[in-house]
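Visitor: Got a structure for you, written out below as structure tokens; questions coming shortly.
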Amino acid sequence: MIKFDAFINAIHAAILSANDALVSKNLDVLDKFFEVTEDNDEFKSTIDEALTAINNVLQARTPGTERLTRQKVTSMLESVQELKEALSKKSVPEADIDQILPDKLKPKMTTIQFPQKTDSGVVMCDVRVPLITLVPLSMTQISEVQFRTELEIQIENDELLVSFTSSQSETPDEIKNKSGGSSHATLQITLTPHHGTEGLRKIVEGYEKILRGQIPS
Numbered sequence: 003m004i005k006f007d008a009f010i011n012a013i014h015a016a017i018l019s020a021n022d023a024l025v026s027k028n029l030d031v032l033d034k035f036f037e038v039t040e041d042n043d044e045f046k047s048t049i050d051e052a053l054t055a056i057n058n059v060l061q062a063r064t065p066g067t068e069r070l071t072r073q074k075v076t077s078m079l080e081s082v083q084e085l086k087e088a089l090s091k092k093s094v095p096e097a098d099i100d101q102i103l104p105d106k107l108k109p110k111m112t113t114i115q116f117p118q119k120t121d122s123g124v125v126m127c128d129v130r131v132p133l134i135t136l137v138p139l140s141m142t143q144i145s146e147v148q149f150r151t152e153l154e155i156q157i158e159n160d161e162l163l164v165s166f167t168s169s170q171s172e173t174p175d176e177i178k179n180k181s182g183g184s185s186h187a188t189l190q191i192t193l194t195p196h197h198g199t200e201g202l203r204k205i206v207e208g209y210e211k212i213l214r215g216q217i218p219s
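Reminder that position 23 of the sequence shown reads as 25 in this note's numbering, one-by-one numbering, no gaps.
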């Protein structure tokens with residue numbers, strides 16, 4: 003036999019674990035319909051290219067016809083130094099870069115062709131469509147848990163102990179109608195479809211609105 007509170011805690015932990023597993027599964031929608039943008043890498047690459055170009059100018063490695071006068075080079079150098087000082091005052095540790103520039107998600111897209119009537123006849127028009135607008139979203143959540151099972155109850159040292167009954171020939175309802183100290187229940191977990199959060203619905207509605215504007219009338 004086991005303690006009654008330990009029995010209840012085990013049931014509670016199992017329900018929480020099952021719910022967490024469903025939440026994790028529902029989050030897979032992000033991997034299916036969204037992908038990480040590379041804006042940060044592109045931004046850093048652009049800065050590196052700009053710095054290289056400035057360095058080439060300062061080192062007079064540009065073609066002779068494009069070389070700047072000494073006065074202009076000096077002015078550019080002063081501007082770069084001022085910019086460097088301004089950036090150094092606002093610089094952040096490398097470890098904090100990801101926190102300041104977090105990954106951005108963009109919808110996975112596909113191209114669908116729509117017929118469009120023109121003066122020269124019917125032509126096919128390409129429309130970029132977010133995948134998330136093409137698939138009905140359905141998530142799963144635990145709406146309620148009904149626990150019902152046969153238990154034998156015993157009190158030892160002021161503690162309530164329970165165990166599962168060993169009877170296999172009678173149903174819980176038949177045992178319930180008999181006199182005795184057992185309590186009875188049935189385990190029933192109900193799963194219902196969940197149509198996503200309000201935020202996700204708003205995102206999909208926004209994509210659908212843009213999509214309607216692209217489709218030829």
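The beta-carbon is built from N, C-alpha and C at its ideal position, and this holds for glycine as well.
In three-state terms, what does DSSP make of lysine 5?
Guide: The answer is strand: DSSP assigns lysine 5 an E or B state.
Visitor: Return helix, strand or coil for glutamate 221, following the three-state DSSP convention.
Guide: Outside the shown range of the chain, which is 3 to 219, sits residue 221, and nothing can be said about it.
Visitor: Considering only the beta carbon of each residue, do isoleucine 114 and valine 129 sit closer than 8 Å?
Guide: In this structure, valine 129 lies closer than 8 Å to isoleucine 114 by Cβ.
Visitor: According to DSSP, simplified to helix, strand and coil, what is glycine 183?
Guide: At glycine 183 the pLDDT is 49, less than 50, meaning the model places this residue with poor confidence; the figure from the coordinates comes in the next sentence. Of the three classes helix, strand and coil, the one that applies to glycine 183 here is coil, per DSSP.
Visitor: Would you kindly work out how many angstroms separate the C-alpha atoms of serine 140 and histidine 14, rounded to a whole number?
Guide: So the two alpha carbons sit approximately 26 Å from each other.
Visitor: Under a three-way DSSP split, which group does leucine 29 fall into?
Guide: In the structure shown, leucine 29 sits in coil (DSSP, three-state: anything other than H, G, I, E or B).
Visitor: Quick check on serine 122: does DSSP put it in helix, strand or coil?
Guide: Here serine 122 sits in coil by DSSP.
Visitor: Let me know the secondary structure DSSP gives valine 137 once reduced to three states.
Guide: Coil, per DSSP.
Visitor: What residue does the alpha helix (DSSP H) around lysine 204 start on, and which one ends it?
Guide: It spans 200–216 - the alpha helix (DSSP H) in which lysine 204 sits, taken as one unbroken run.
Visitor: When DSSP labels each residue in this structure, what does aspartate 22 get in the three-state scheme?
Guide: Correct three-state label for aspartate 22: helix.
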